[in-house]
Structure formats: C-alpha cells, structure tokens
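Read in order, the letters of the sequence shown correspond to residues 701 to 858 in the numbering used here. Only one structure is covered here, and it is reproduced in the block below.
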Amino acid sequence: MLSVESIKKIDHELTKYPSDQKQSAVMSALAIAQDEKGWLATETMDFVARYLGMPPIAVYEVATFYNMYNLQPLGKCKITICTNLPCALSGANEAVAHIQKKLGIGFNETSADGKFTLKEGECMGACGDAPVLLVNNKRMCSFMSDDMIDQLLEELSK
Numbered sequence: 701m702l703s704v705e706s707i708k709k710i711d712h713e714l715t716k717y718p719s720d721q722k723q724s725a726v727m728s729a730l731a732i733a734q735d736e737k738g739w740l741a742t743e744t745m746d747f748v749a750r751y752l753g754m755p756p757i758a759v760y761e762v763a764t765f766y767n768m769y770n771l772q773p774l775g776k777c778k779i780t781i782c783t784n785l786p787c788a789l790s791g792a793n794e795a796v797a798h799i800q801k802k803l804g805i806g807f808n809e810t811s812a813d814g815k816f817t818l819k820e821g822e823c824m825g826a827c828g829d830a831p832v833l834l835v836n837n838k839r840m841c842s843f844m845s846d847d848m849i850d851q852l853l854e855e856l857s858k
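Rendered as structure tokens:
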C-alpha cells in the first residue's frame, strides 16, 4: 500500500515512542502516507491503522479532526488561509477575496486546471504575520499582500 521509503519513515517515527504506544505516531504516519499518495483514501487510512495496530475508526477520527489531512483528491497546490479573527482584522478576508477572484474558485474548490485547491484554515500561530497562508501544509507565507499573492500563485503555477 505504501512504498518502502514511506514505511521506513513511519518506522523512524515509531522509534520516538515506547513500543507499546505505536498509536502515538498516527499523525506522523498519516502525514507520510498523504505525502506519498496526495490524499488519504479509506484504504490508505486502513493500512495505517493495521500498521500501527489501531482500530480504523481511531485513525479516521484523527484524519477528520485535523484540516491538514486531505480526505479527497485536491489540486497540485493546496492553499490554506487563516480566517480567524486576528487574521481577518489584518486583511485575511481581503486576501481570500483576491485569491478567489484570481483563481475563480471558492473554499473547498479546485481550479479548472487542477493546480489549486483553496481551504479555510484555523489559527496557524502567526497572528502577528497576518494575512497568513499555508501551501501544501509545508510552507507558511506571511504578510500576504495582493502583489505577494500574485507572485506566489505565479511561482506555484510553474
């Protein structure tokens, strides 16, 4: 189900916890699986559950609780923008409007070319850097003006 490389990464995460606490690595294992597959299909989550010795429902609970996990195929680039109050007061709503206009999509939609999916996110712990967005759960971008958004979208389009 997962590549040997991904299994090795999960095994490395398992070394961080007592051997009888494999379930402690569930978040890391899901992230590794998602990095390989692009999203978390039920079959992928079931594999993670078996590998960690957990009931599948316990893995589903984690995957559905956190918005960093993709439960359906998305565009090549997932852009998640924080819209909590501190960010909203610092221009996040205007940044959202600009992104939506630029890409022609709303939240939870993917652009026609399959390049971008836009998600609304919760606090990213960088309120003073607002508006803040996250690209593919890995790259945080701060102080995102319209010009900076345009530059980012152009870079990600390549």
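Using N, Cα and C, we set each Cβ at its ideal position, and we do this for glycine too. Please read these numbers as outputs of a predicted model, since none were measured by experiment.
Residue burial classification, residue i (beta-carbon count within 10 angstroms, cutoff 16)
i, result
"F816", "buried"
"Q721", "exposed"
"Q851", "exposed"
Under the three-state DSSP convention, the category residue i falls into
i, result
"E794", "helix"
"E761", "helix"
"F843", "coil"
"T744", "helix"
"L752", "helix"
"K838", "coil"
"C777", "strand"
"G873", "No statement about residue 873 is possible, as the shown extent of the chain runs from 701 to 858 and does not include it."
"C782", "strand"
"K815", "coil"
"E822", "coil"
"L852", "helix"
"L833", "strand"
Contact belief for residue i with residue j at Cβ below 8 Å, rounded distance in angstroms
i, j, result
"A741", "A792", "The Cβ separation is near 31 Å, so there is no contact."
Pick from the options that is closest to residue i, judged by C-alpha positions
i, options, result
"R750", "Q723, G828, D846 and A763", "Q723"
"F807", "T783, C827, M824 and A826", "T783"
"P773", "Y766, C827, E743 and G738", "G738"
"L714", "L752, Q734 and R839", "L752"
"C787", "L833, A812, G814 and A733", "L833"
"C827", "I805, S719 and L789", "L789"
"Q734", "S811, E822 and L771", "L771"
"M754", "Y766, K858, F843 and A729", "A729"
Cα-Cα separation between residue i and residue j, rounded to whole angstroms
i, j, result
"K801", "Y717", "46 Å"
"M701", "F747", "7 Å"
"I676", "D847", "With the chain running from 701 to 858 in the structure shown, residue 676 is simply not present."
"R839", "A725", "22 Å"
"E855", "E736", "22 Å"
"G814", "I849", "18 Å"
"Y769", "A763", "6 Å"
"G804", "F765", "28 Å"
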